[in-house]
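Residue numbers (the numbering used here): 202 to 549.
Where is the CB? At the ideal position from N, CA and C, for every residue including glycine.
Notes for the one structure printed next.
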């Protein structure tokens with residue numbers, strides 16, 4: 202019987218990392234691996250972090266770079282990772298090798314592989330941009346750009362906020378929902394938060410909120426069953442690292458529109474509330490409208506500019522199921538709406 206890898210615990214922990222820059226265990230696991238004898242399994246565990254977070258471009262993965270560079274023979278594994286799942290940090294490691302004078306690894310020409318990767322249709326946009334910057338730095342022209350993507354089909358969330366409507370009430374493992382998340386450039390992996398869960402797609406300006414089915418069923422016991430999509434929120438540019446949602450908002454409104462102008466277009470809201478503060482945290486004011494009879498759409502406004510910064514959509518019938526459990530029904534006037542507050546507190 203083969204003995205277990207002494208680094209099994211760290212490898213398992215790394216495989217659970219999904220890009221959360223607030224998780225302080227990453228550097229600890231990486232440091233532990235870097236102090237052990239190099240092995241293919243340990244190198245691949247580090248490279249899988251890049252592959253799961255292909256467009257992460259901040260400082261949080263630098264420790265992974267340094268750990269890999271301490272492992273003799275990492276270069277072929279890095280090349281395999283780039284071919285398998287291109288990532289910003291893999292591209293940056295290629296650039297570090299090029300800057301150090303390494304042009305080839307075995308029979309692989311690093312610059313040619315970068316050009317080829319940038320021209321692939323399945324390379325994420327953020328990775329392609331990173332590679333183009335590297336090629337420009339080395340005075341190398343990229344290959345022809347990949348063919349333009351087909352326009353979004355009817356019902357795709359990229360067409361507008363209301364296109365999220367048919368996705369509501371679907372479970373997280375629903376193939377239609379998974380395909381929609383992938384179409385937005387996200388990964389259908391729900392981050393749990395007690396009875397709630399979230400999928401954040403920052404480059405698309407979208408966050409999806411889920412609720413455990415047992416909560417919707419009124420079960421007072423332990424939270425169980427699959428996550429069900431109960432809310433979709435879309436954001437203005439620059440909030441907590443989100444890009445602006447480019448799809449259409451109701452009645453062709455635009456982010457940044459003032460509350461008064463939203464009301465001129467949408468009319469009198471069914472409910473409104475928000476405002477006030479809890480310590481340094483300011484709650485946003487919001488207006489609620491019912492669209493197509495079955496959807497509740499909340500418009501939330503930035504407390505400093507009074508401009509539209511968040512719009513979220515829910516099914517009215519699902520809200521009624523959640524309210525008794527929470528006791529947080531949206532109130533008229535100055536009340537706080539639980540559903541909008543989830544997004545507002547997290548993102549503004």
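Nearest-angstrom Cα separation, counted from residue j out to residue i
| i | j | result |
| --- | --- | --- |
| residue 460 | residue 321 | 44 Å |
| residue 313 | residue 325 | 18 Å |
| residue 338 | residue 299 | 11 Å |
| residue 242 | residue 266 | 16 Å |
| residue 387 | residue 231 | 25 Å |
| residue 417 | residue 487 | 24 Å |
| residue 465 | residue 458 | 11 Å |
| residue 285 | residue 294 | 15 Å |
| residue 303 | residue 210 | 34 Å |
| residue 474 | residue 227 | 40 Å |
| residue 213 | residue 378 | 28 Å |
| residue 408 | residue 501 | 15 Å |
| residue 216 | residue 268 | 16 Å |
| residue 444 | residue 278 | 32 Å |
| residue 238 | residue 280 | 21 Å |
| residue 262 | residue 492 | 43 Å |
| residue 330 | residue 305 | 22 Å |
| residue 478 | residue 503 | 13 Å |
| residue 382 | residue 373 | 10 Å |
As assigned by DSSP and simplified to three states, the class of residue i
| i | result |
| --- | --- |
| residue 241 | helix |
| residue 213 | helix |
| residue 327 | helix |
| residue 316 | helix |
| residue 494 | coil |
| residue 393 | strand |
| residue 462 | helix |
| residue 310 | strand |
| residue 282 | helix |
| residue 501 | strand |
| residue 341 | coil |
| residue 411 | strand |
| residue 291 | helix |
| residue 378 | helix |
| residue 297 | helix |
| residue 403 | helix |
| residue 483 | strand |
| residue 273 | coil |
Boundaries (first-last residue) of the beta strand (DSSP E) holding residue i
| i | result |
| --- | --- |
| residue 232 | Counting along the chain, residue 232 falls outside any beta strand (DSSP E), though it belongs to the alpha helix (DSSP H) covering 227–235. |
| residue 257 | Neither: residue 257 is in no beta strand (DSSP E) and is coded neither H nor E. |
| residue 436 | 428–436 |
| residue 450 | Unbroken run through residue 450: none, as it is neither H nor E. |
| residue 515 | 509–516 |
| residue 302 | Looking at the DSSP string, residue 302 is not in any beta strand (DSSP E), and its letter there is neither H nor E. |
| residue 471 | First-last for residue 471: undefined, no H or E at that position. |
Local Cβ density within 10 Å of residue i, reported as buried at 16 or more and exposed below that
| i | result |
| --- | --- |
| residue 518 | exposed |
| residue 318 | buried |
| residue 485 | buried |
| residue 310 | exposed |
| residue 229 | exposed |
| residue 396 | buried |
| residue 354 | Only weak support exists for where residue 354 lies, its pLDDT of 44 falling under 50; the value from the coordinates is given anyway. Classification for residue 354: exposed. |
| residue 423 | exposed |
| residue 273 | exposed |
| residue 255 | buried |
| residue 292 | buried |
| residue 276 | buried |
Limits of the unbroken alpha helix (DSSP H) element including residue i
| i | result |
| --- | --- |
| residue 261 | Segment: none, residue 261 is in no alpha helix (DSSP H) and carries neither H nor E. |
| residue 194 | There is no way to answer for residue 194, as the model of the chain reaches only from 202 to 549. |
Proximity test, residue i beta-carbon vs the ligand ATP heavy atom, cut-off 6 Å
| i | result |
| --- | --- |
| residue 459 | Of ligands this structure carries none, so the ligand ATP is not represented either. |
(message) Taking 8 Å as the cut-off, does the segment 490–508 touch the segment 388–408 (at least 3 CB pairs, one atom from each stretch)?
(response) no
(message) For the structure I just gave you, are there three or more beta carbon pairs, one from the segment 437–451 and one from the segment 361–369, closer than 8 Å?
(response) yes
(message) Can you confirm whether the segment 425–442 touches the segment 409–416 when touching is taken to mean that 3 or more C-beta pairs between the two stretches lie within less than 8 Å?
(response) A contact between stretches requires three or more CB pairs, one per stretch, nearer than 8 Å, and the segment 409–416 meets this requirement with the segment 425–442.
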